[in-house]
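Engineer: Mapping of the sequence shown onto this note's numbering: residues 1312 to 1502, in sequence order. Note that CB positions come from ideal geometry on N, CA and C, so glycine has one too. Once you've had a glance at the structure underneath, I'll fire off some questions.
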Amino acid sequence: MKLILLGPPGAGKGTQAQKLVSKFGYAQLSTGDMLRAAVAAGSEVGLKAKDIMDRGDLVPDEVVVGIISDRVEAPDCSKGFILDGFPRNTAQAEALDKMLDEKGMNLDTVISLEVVEKDLFQRIEQRAKETEGGPRADDNIKALKKRLEVYHEQTAPLIKYYGDQGVLKTVDGMAQIDVVSAQISNILAEV
Ligand code: AMP
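Structural data, given as structure tokens:
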């Protein structure tokens, strides 16, 4: 199973991806997590990405496309993978299509988590409180506003992109966590 979880920051992509990891053994490929690990490790990618991430902008496409391209064929992806936070714009989506095509793979589905935007601030505030080791550098009001702006400008057009490809499904991301995961499991059972 190869799927994308799509949605704005705080929509629950990471939470739902983790549920799918424990339920089905898919790999969670979160570009945000990978970039945060690179920042923590002080690698070249991390040094390049840190300031961009802190202010809520997108890191360059070639960086994230390269990271994902290295990961999709790893052994832990043998049962499938969940793309969480990637692609983030049309150029990345096109690069992903090309990459999967070249590797003889294809996407099974794209699941869009629909949320009420004004509630995301409260969710992110809650996440900032609950994150082990302290809040993420970009879980603050200023960076969140920027991330939402970037989402609308660059990521939201992917709803149409995947709708046109006929692979888009939507779920109510405001429902309880277990209700959302049941909806996602139902979709996966049918694709
Ligand atoms: P996330 O954990 O998905 O909310 O991502 C945190 C930050 O990492 C984003 O605000 C971006 O700065 C960066 N990032 C994560 N994924 C991508 C991506 N696919 N393209 C560009 N930047 C990304």
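#1: At the level of alpha carbons, what is the spacing between proline 1386 and leucine 1331?
#2: Look up leucine 1369 in the DSSP assignment and say whether it is helix, strand or coil.
#3: Checking the sheet assignment: what are the DSSP bridge partners for aspartate 1387?
#4: Confirm the yes/no value for this check: CB of isoleucine 1422, any heavy atom of the ligand AMP, distance under 7 Å.
#5: Does the separation of the CB atoms of glycine 1367 and alanine 1467 fall below 8 Å?
#6: Quick one: give me the first and last residue of the beta strand (DSSP E) that leucine 1346 is part of.
#7: Just to confirm the assignment, what range does the beta strand (DSSP E) spanning glutamate 1425 have?
#8: Could you tell me which whole beta strand (DSSP E) segments of length 3 or greater appear in the region 1418-1470?
#9: Using the three-state DSSP reduction, which class does lysine 1414 fall into: helix, strand or coil?
#10: Measure the Cβ-Cβ separation of valine 1461 and alanine 1322 and say whether it is below 8 Å.
#11: For lysine 1390 and glutamine 1437, I'd like the C-alpha separation in whole angstroms.
#12: Tell me the DSSP bridge mates of leucine 1479?
#13: Return the residue from the list Ser1380, Ser1423, Asp1395, Ala1486 that minimises the CA-CA distance to aspartate 1408.
#14: Report back the beta-carbon spacing between valine 1375 and glutamine 1339 to the nearest angstrom; my notes put them in contact at under 8 Å.
#15: If glycine 1396 and serine 1341 are in contact, beta carbons under 8 Å, what's the gap, nearest whole angstrom?
#16: Measure the alpha-carbon distance for glutamine 1423 versus glutamate 1355 and round it to whole angstroms.
#17: Is leucine 1369 closer than 8 Å to asparagine 1511 when the C-beta atoms are compared?
#18: Heavy atom of the ligand AMP less than 7 Å from the Cβ of valine 1356, yes or no?
#19: For a test of your reading of the model: does the CB of methionine 1410 fall under 7 Å from any non-hydrogen atom of the ligand AMP? Yes or no.
Structural biologist: Let me spell this out:
#1: Mapped onto the sequence shown, residue 1386 falls at position 75. Mapped onto the sequence shown, residue 1331 falls at position 20. Approximately 17 Å between the Cα atoms of the pair.
#2: The residue given as residue 1369 occupies position 58 in the sequence shown. It is coil, neither helix nor strand.
#3: In the sequence shown, counting from the first residue as 1, residue 1387 sits at position 76. Aspartate 1387 pairs with nothing; no bridge assigned.
#4: Numbered from 1 along the sequence shown, position 111 holds the residue referred to as residue 1422. Checking every heavy atom of the ligand AMP against the Cβ of isoleucine 1422, none is found closer than 7 Å.
#5: Along the sequence shown, one-based indexing puts residue 1367 at 56. Along the sequence shown, one-based indexing puts residue 1467 at 156. Not in contact: glycine 1367 and alanine 1467 (Cβ atoms no closer than 8 Å).
#6: Residue mapping note: residue 1346 aligns to position 35 of the sequence shown, counting from 1. No beta strand (DSSP E) contains leucine 1346, which is instead part of the alpha helix (DSSP H) from 1342-1352.
#7: In the sequence shown, residue 1425 corresponds to position 114, counting from 1. Per DSSP, glutamate 1425 belongs to the beta strand (DSSP E) from 1420-1425.
#8: 1420-1425
#9: In the sequence shown, the residue the question calls residue 1414 occupies position 103. DSSP places lysine 1414 in coil when its eight states are reduced to three.
#10: Against the sequence shown, residue 1461 aligns to sequence position 150. Against the sequence shown, residue 1322 aligns to sequence position 11. Cβ atoms of valine 1461 and alanine 1322: not closer than 8 Å.
#11: As a working note, residue 1390 is residue 79 in the sequence shown. As a working note, residue 1437 is residue 126 in the sequence shown. Each residue's Cα considered, the two are about 32 Å apart.
#12: Here residue 1479 is taken as the residue at index 168 of the sequence shown, counted from 1. Per DSSP, Val1421.
#13: As a position in the sequence shown, residue 1408 is number 97, starting the count at 1. For aspartate 1408, the nearest C-alpha among the options comes from Ser1380.
#14: As a first step, residue 1375 is located in the sequence shown; it is residue number 64 there, counting from the start. As a first step, residue 1339 is located in the sequence shown; it is residue number 28 there, counting from the start. The pair is not a contact, with the Cβ atoms about 15 Å apart (cut-off 8 Å).
#15: Translated into positions along the sequence shown, residue 1396 becomes position 85. Translated into positions along the sequence shown, residue 1341 becomes position 30. That belief holds up - the Cβ atoms of glycine 1396 and serine 1341 are roughly 5 Å apart, short of 8 Å.
#16: Counting from 1 along the sequence shown, the entry for residue 1423 is found at position 112. Counting from 1 along the sequence shown, the entry for residue 1355 is found at position 44. In the sequence as presented, glutamine is not what sits at residue 1423; that position holds serine. For serine 1423 and glutamate 1355, the distance between alpha carbons rounds to 32 Å.
#17: Nothing can be reported for residue 1511, as the shown portion of the chain is limited to 1312 through 1502.
#18: Here residue 1356 is taken as the residue at index 45 of the sequence shown, counted from 1. It does not: the Cβ of valine 1356 is nowhere closer than 7 Å to a heavy atom of the ligand AMP.
#19: Position 99 of the sequence shown, counted from the first residue, corresponds to residue 1410. No; taking the cut-off as 7 Å, the Cβ of methionine 1410 has no heavy atom of the ligand AMP nearer than that.
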